[in-house]
Structure formats: C-alpha cells, structure tokens
Amino acid sequence: MSRDLCQSKTVWLWSLLNMKLKSFFPPSVFGLLGIVLVAINPYENLPIYGTDIINAYSGQNMGDMDPHIFAVAEEAYKQMARLVCSIIVSGESGAGKTVSAKYAMRYFATVSGSASEANVEEKVLASNPIMEAIGNAKTTRNDNSSRFGKYIEIGFDNRYRIIGANMRTYLLEKSRVVFQVIIFLDFVPVFSPHLCYF
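Position one of the sequence shown corresponds to residue 1 (full-length UniProt numbering), numbered consecutively onward.
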C-alpha cells in the first residue's frame with residue numbers, strides 16, 4: 001500500500017488505519033494525502049527524529065523519501081531561497097502539533113549549520129509554560145488544551161543560517177476562552193491525526 005492515500009484505491013477510514021498499522025513496521029507515524037503530510041501521535045517516543053534521520057533527509061526531494069516532518073522541512077528549506085515559505089501544522093488537541101513544530105525547527109537548526117543557534121527551538125519552546133499558564137484550559141479531551149494559535153517566524157541570514165525567531169499568538173475563537181459547550185459527544189477517536197501543509 002502506498003503511503004500516499006491519494007494513490008490508494010479506496011480512501012476510507014480502513015485505508016488510513018491500514019497506513020497507521022503499517023507505519024509502525026518500521027516505526028513511523030507519517031503518511032501523505034497528496035501534498036499534505038498526515039501525522040498520527042503515537043503518544044510515545046520513537047527513534048525517528050535523530051541526527052542520523054535529519055542527515056538522511058537533508059538535500060533530498062520530498063517524493064524520494066518516506067513521508068516525514070523532515071521531508072516537509074527540507075522542502076521549505078530548499079524553497080526559501082526564492083519563496084517565502086510557511087509550514088502550517090493543524091490538528092485536534094493532543095494530536096502532536098507542538099512536537100512536529102519542534103522537530104521542524106530542530107531540522108532547520110541542524111541543516112543550516114547554526115550550531116550557536118541550534119537552541120532556537122528550545123528558546124521558543126521554553127516560552128510554552130508561560131503561554132500555557134495564560135492561554136490553556138482543561139477540556140474533556142485534554143487537561144492542557146491551548147485556547148490560542150501560534151505563528152512562529154524563523155529568521156535566516158543570507159547563508160540560510162538561523163538568526164532568530166519571533167512568536168505571535170492569536171485567538172482562533174474568542175468563544176473558546178469565555179464559553180464552554182455543555183454537551184459533549186462521548187466519542188474517542190482511535191487516533192488523532194494532524195496535518196502539515198507546505
């Protein structure tokens with residue numbers, strides 16, 4: 001079965017579950033839906049984010065490698081010489097969006113050779129407890145659900161090395177902060193995917 005669900009004969013829940021099951025042998029949590037990377041949070045640490053994996057994706061074309069957040073980051077890194085690039089990470093609460101953003105930043109820091117700036121991702125993520133204290137709330141599905149979105153802009157110099165980052169927050173819906181829905185459906189998904197667009 002192709003890791004691109006658009007190449008599947010039937011794009012139904014079974015195809016997605018089949019991709020998820022096969023993705024753990026070898027361990028991976030990524031698949032494609034056309035040009036969109038689909039990631040499933042396994043709620044455990046997997047050995048798929050090390051420097052050896054970063055080096056394997058560095059300089060490669062997105063279609064030549066298995067689906068991975070590093071493939072998306074590499075594509076953005078290659079394109080930024082001529083385009084303004086964005087990686088949009090979207091998904092349900094607890095889907096692993098923050099982790100994917102962290103690994104994309106780690107990828108940029110590693111491939112750009114920004115050894116002195118390699119901790120930009122840690123500096124950005126170190127602000128999370130402050131942001132969470134102000135903007136997170138308990139929901140029925142997540143004890144620490146963010147009620148805001150983040151836009152992280154990473155600055156590069158003319159040699160494509162990281163020189164800094166800027167984070168902006170915004171409310172997706174003000175009602176998410178001041179209003180709580182009383183009725184919740186008793187439905188727990190089998191998995192909680194998030195999407196990365198390039």
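By construction, the Cβ of each residue, glycine as well, lies at the ideal position given by its N, Cα and C atoms.
Quick check: the segment 147-167 against the segment 96-111, are at least 3 beta-carbon pairs closer than 8 Å?
Segment contact: the segment 96-111 against the segment 147-167, three or more CB-CB distances shorter than 8 Å; contact assigned.
Please specify which runs of the alpha helix (DSSP H), each continuous and at least 4 residues long, are wholly inside the segment 68-97, giving them in chain order.
Within the segment 68-97, the alpha helix (DSSP H) runs of at least 4 residues that lie entirely inside it are, in chain order, 69-79.
Taking the alpha-carbon positions, what's the Asn142 to Thr98 distance?
Between Asn142 and Thr98, the C-alpha separation is close to 14 Å.
My parser needs the alpha helix (DSSP H) runs of 4 or more residues fully inside the segment 111-158; what are they?
Segments of the alpha helix (DSSP H) lying fully in the segment 111-158: 120-126, 128-135.
Using three-state DSSP, classify Arg161 as helix, strand or coil.
When secondary structure is reduced to three states using DSSP, Arg161 falls in the coil class, being assigned neither helix nor strand.
Can at least three beta-carbon pairs, one atom from the segment 60-73 and one from the segment 126-142, be found at a separation below 8 Å?
The segment 60-73 vs the segment 126-142: no contact.
Which class does Gly59 belong to by DSSP, given the choice of helix, strand or coil?
Of the three classes helix, strand and coil, the one that applies to Gly59 here is coil, per DSSP.
If I measure Cβ to Cβ from Thr110 and keep anything under 6 Å in the same chain, skipping five residues before and after, which residues do I get?
Ile54.
Element boundaries [beta strand (DSSP E), containing Leu32]:
It spans 30-33 - the beta strand (DSSP E) in which Leu32 sits, taken as one unbroken run.
Taking C-beta to C-beta, are Ala101 and Val120 nearer than 8 Å?
No Cβ-Cβ contact shorter than 8 Å links Ala101 with Val120.
Expressed to the nearest angstrom, what Euclidean distance is found between the alpha-carbon atoms of Tyr170 and Lys138?
Per the coordinates, the alpha-carbon of Tyr170 lies some 19 Å from the alpha-carbon of Lys138.
Where Ser28 falls, given that 16 or more other Cβ within 10 Å makes a residue buried
With 16 or more other Cβ atoms within 10 Å, it is buried.
For Tyr49, collect the residues of the same chain with a Cβ closer than 6 Å to its Cβ; drop the 5 residues on either side in sequence, then sort them by chain order.
Closer than 6 Å at the Cβ level, and outside the excluded window around Tyr49, lie Tyr103.
Cα separation between Ile182 and Gly96?
Residue confidence is low: Ile182 scores 48 on pLDDT, short of 50, so the model does not pin down where it sits. No coordinate-derived value is stated.
So what's Phe25 in DSSP terms, helix, strand or just coil?
For Phe25, the predicted structure reports a pLDDT of 47, less than 50, and the residue's modelled location is therefore unreliable. A value from the coordinates is still provided. Coil, per DSSP.
Would DSSP call Glu170 helix, strand or coil?
In the sequence on display, residue 170 carries Tyr and not Glu. In this structure, Tyr170 counts as strand in the three-state DSSP scheme.
Quick one: Cα of Leu83 to Cα of Tyr77, how far?
Linking Leu83 to Tyr77 through their CA atoms gives a straight-line distance of about 10 Å.
Where does Ala71 land, buried or exposed, given buried means 16+ other C-beta within 10 angstroms?
With 16 or more Cβ atoms within 10 Å of its Cβ, Ala71 is classed as buried.
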